[in-house]
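*Asks:* The opening residue of the sequence shown carries number 255 in my numbering; numbering runs sequentially from there. Glycine included, C-beta positions come from ideal geometry on N, C-alpha and C.
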Amino acid sequence: MSTSLTASDITPYRGRFAPSPTGPLHAGSLVAALASFLDARHAGGAWVLRIDDIDPPRAVAGSVGLITEALSAHDLHWDGAVRYQSQSSDAYHRALQQLAETGALFRCRCTRSTLSDQGTCGQRCEQRAISDDEPHSLRVRFDAAQLAGFADRFQGMQPVTPETAVADFIVRRRDGLFAYQLAAAVDDAQPHFTHIVRGADLLDSTHRQRWLMQLLGQTSPCYGHIAVMHDGDGNKLSKQNGAPELDLARTPDNLRDCLTHLHQPAPPSSARENGEILDYAIEHWTLHI
Ligand code: GLU
Numbered sequence: 255m256s257t258s259l260t261a262s263d264i265t266p267y268r269g270r271f272a273p274s275p276t277g278p279l280h281a282g283s284l285v286a287a288l289a290s291f292l293d294a295r296h297a298g299g300a301w302v303l304r305i306d307d308i309d310p311p312r313a314v315a316g317s318v319g320l321i322t323e324a325l326s327a328h329d330l331h332w333d334g335a336v337r338y339q340s341q342s343s344d345a346y347h348r349a350l351q352q353l354a355e356t357g358a359l360f361r362c363r364c365t366r367s368t369l370s371d372q373g374t375c376g377q378r379c380e381q382r383a384i385s386d387d388e389p390h391s392l393r394v395r396f397d398a399a400q401l402a403g404f405a406d407r408f409q410g411m412q413p414v415t416p417e418t419a420v421a422d423f424i425v426r427r428r429d430g431l432f433a434y435q436l437a438a439a440v441d442d443a444q445p446h447f448t449h450i451v452r453g454a455d456l457l458d459s460t461h462r463q464r465w466l467m468q469l470l471g472q473t474s475p476c477y478g479h480i481a482v483m484h485d486g487d488g489n490k491l492s493k494q495n496g497a498p499e500l501d502l503a504r505t506p507d508n509l510r511d512c513l514t515h516l517h518q519p520a521p522p523s524s525a526r527e528n529g530e531i532l533d534y535a536i537e538h539w540t541l542h543i
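1) Pick helix, strand or coil for Val451, following the three-state DSSP scheme.
2) Looking at the unbroken beta strand (DSSP E) that takes in Asp328, where does it start and where does it end?
3) Smallest Cα separation from Asp293: which of Gly316, Gln412, Val451 and Glu323?
4) Below 8 Å on the Cβ atoms is my contact criterion, and I expect Phe432 with Arg393 to pass it. Report the Cβ-Cβ distance as a whole number of Å.
5) Which class does Met467 belong to by DSSP, given the choice of helix, strand or coil?
6) Alpha carbon to alpha carbon, how far is Pro475 from Pro266? Give it in angstroms, no decimals.
7) What first and last residue would you give for the alpha helix (DSSP H) that runs through Arg510?
8) In the DSSP assignment, the beta strand (DSSP E) including Gly430 goes from what residue to what residue?
9) Measuring only the C-alpha atoms, how far is Arg312 from Ser524?
10) Below 8 Å, how does it come out for the segment 403-421 and the segment 317-329: are there three or more Cβ pairs, yes or no?
11) Closer than 8 Å is the cut-off here; do at least three beta carbon pairs connect the segment 373-385 with the segment 340-348?
12) Have a look at the DSSP bridge pairing and note the partners of Lys550.
13) What residues in its chain sit with their C-beta under 6 Å from that of Leu466, if we drop five residues either side in the sequence?
14) If the criterion is Cβ atoms closer than 9 Å, does the pair His479 and Leu401 meet it?
15) Pull up the DSSP beta-bridge partners for Ile305, would you.
16) At the level of alpha carbons, what is the spacing between Ala289 and Leu516?
17) Can you list, in chain order, the residues of its chain whose CB lies under 6 Å from that of Ile413, leaving out five sequence neighbours each side?
18) For a quick check, are the C-beta atoms of Leu607 and Ala535 less than 9 Å apart?
19) Please tell me whether Gly277 and Val314 are closer than 9 Å, where the distance is taken between their beta carbons.
20) Assign Met255 to one of two classes, buried (16 or more other C-beta atoms within 10 Å of its C-beta) or exposed (fewer than that).
21) Does Arg382 pass the burial test, meaning 16 or more other C-beta atoms within 10 Å, or should it be called exposed?
22) Report the three-state DSSP secondary structure of Cys364 (helix, strand or coil).
23) What is the chain-ordered set of residues for which the beta carbon lies under 6 Å from any non-hydrogen atom of ligand 1?
24) Would you kindly report the start and end of the unbroken beta strand (DSSP E) that includes Val285?
25) For Asp455, which option in Asp442, His484 and Leu469 has the closest C-alpha, if you only look at C-alpha atoms?
In structure tokens, the structure reads:
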């Protein structure tokens, strides 16, 4: 009997789709969901649904139900229970403490009008004593010279460029909420997830998240960023730009459209059901390098 091991036996793959609950799924988010799903299933790995609900002011009531309904309608079934970032506050608090111990964290009292053009602290807050009662955010100094670039599985080598190497960035907002960069860095580090597949609009964030993981002594997952979808005017298809909700009466067509965007081979026309389309797409997934 053959006992040869495959890559997924050696490194159990754990991937995820991590939408924010800011509205229903649209074609752009379906592409990210599908790419992360296919990559995980092709590797024989797990695919988790994580809801990034750390920004209540931006949350739209009913979104989680609409997102899970749309995923299920496309037969994109996730493993285990849905994870919610709002349930990981303790982990984010611990990470902030750990960042403070590294000396990289500082209080910043900047408001929009005092920030630099790059969105970094514009008043040297680091050198001031800012009391607990004074409204402030928490920022991390980004020493980009200490961070290596990374090999993106789909986009190739990603060096840390002067544009991405901002001086600092927010990890806890002035209103007390945890910033996306912090929550994503804490949640995405191995062993929670081994592979992250998401839109290329998040590439700059990836450098920041990898920096936080490095400061926290965590191992980064492998990253693969896919091209984002644009509307007719060249804007990224997003909820903010008013991307239309997916039509759940034509899920096989939606999947086929996403596969075309991802430059995947077209499933044969005899594949009419979602399951048949997905089986073909899992088998023929070709974004690997
Ligand atoms: N929740 C964020 C979004 O929907 C981040 C996604 C990610 O890190 O994959 O844009």
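*Replies:* Let's see:
1) In the sequence shown, residue 451 corresponds to position 197, counting from 1. Strand at Val451.
2) On the sequence shown, residue 328 is found 74 positions in, with the first residue counted as 1. A quick correction: the sequence has His, not Asp, at residue 328. According to the DSSP assignment, His328 belongs to no beta strand (DSSP E), since it is labelled neither H nor E.
3) One-based indexing of the sequence shown puts residue 293 at position 39. For Asp293, the nearest C-alpha among the options comes from Val451.
4) The residue you call residue 432 lines up with position 178 of the sequence shown. The residue you call residue 393 lines up with position 139 of the sequence shown. At roughly 13 Å, the Cβ-Cβ gap does not stay under 8 Å, so Phe432 and Arg393 are not in contact.
5) Residue numbering aside, residue 467 sits at position 213 when the sequence shown is read from its first letter. Of the three classes helix, strand and coil, the one that applies to Met467 here is helix, per DSSP.
6) Taking the first residue of the sequence shown as 1, we reach residue 266 at position 12. Taking the first residue of the sequence shown as 1, we reach residue 475 at position 221. Taking the CA atoms as reference points, Pro266 sits about 12 Å from Pro475.
7) Within the sequence shown, residue 510 is the residue found at index 256, counting from 1. Start and end: Thr505 to His515.
8) Here the question's residue 430 lines up with position 176 in the sequence shown. Note, Gly430: premise wrong, no beta strand (DSSP E); not H, not E.
9) Here residue 312 refers to the residue found at position 58 when the sequence shown is read from its first residue. Here residue 524 refers to the residue found at position 270 when the sequence shown is read from its first residue. Each residue's Cα considered, the two are about 42 Å apart.
10) no
11) no
12) With the chain running from 255 to 543 in the structure shown, residue 550 is simply not present.
13) Stepping through the sequence shown from its first residue, residue 466 is reached at position 212. These residues qualify, in order along the chain: Ala439.
14) By 1-based counting over the sequence shown, the position of residue 479 is 225. By 1-based counting over the sequence shown, the position of residue 401 is 147. No. Outside cutoff.
15) Taking the first residue of the sequence shown as position 1, residue 305 is located at position 51. In DSSP, Ile305 forms a bridge with Tyr338.
16) For this step, residue 289 is matched to residue 35 along the sequence shown. For this step, residue 516 is matched to residue 262 along the sequence shown. Answer to the nearest angstrom: the Cα atoms are 8 Å apart.
17) Here residue 413 corresponds to residue number 159 of the sequence shown, with the count starting at 1. It should be noted that the sequence gives Pro, not Ile, for residue 413. If you ignore the 5 residues before and after Pro413, its C-beta comes within less than 6 Å of the C-beta of Gly403, all in its own chain and listed in chain order.
18) This structure cannot speak to residue 607, because the chain is shown only from 255 to 543.
19) On the sequence shown, position 23 is the one that residue 277 refers to. On the sequence shown, position 60 is the one that residue 314 refers to. Yes. Within cutoff.
20) Numbered from its first residue, the sequence shown carries residue 255 at position 1. In this prediction, Met255 scores a pLDDT of 38, lower than 50, which makes its location untrustworthy; the coordinate-derived value is nonetheless stated afterwards. It is exposed - the Cβ of Met255 has fewer than 16 other Cβ atoms within 10 Å.
21) Along the sequence shown, read from residue 1 onward, the residue named residue 382 stands at position 128. Per the 10 Å Cβ criterion, exposed.
22) Taking the sequence shown and counting its residues from 1, the one referred to as residue 364 is at position 110. Coil at Cys364, not helix or strand.
23) Ala272, Pro273, Ser274, Asp306, Ala438, Arg452 and Leu456
24) Against the sequence shown, residue 285 aligns to sequence position 31. From DSSP, Val285 is part of no beta strand (DSSP E) but of the alpha helix (DSSP H) over Ala281 to His296.
25) Here residue 455 corresponds to residue number 201 of the sequence shown, with the count starting at 1. Comparing Cα-Cα distances from Asp455 to each of Asp442, His484 and Leu469, the minimum goes to His484.
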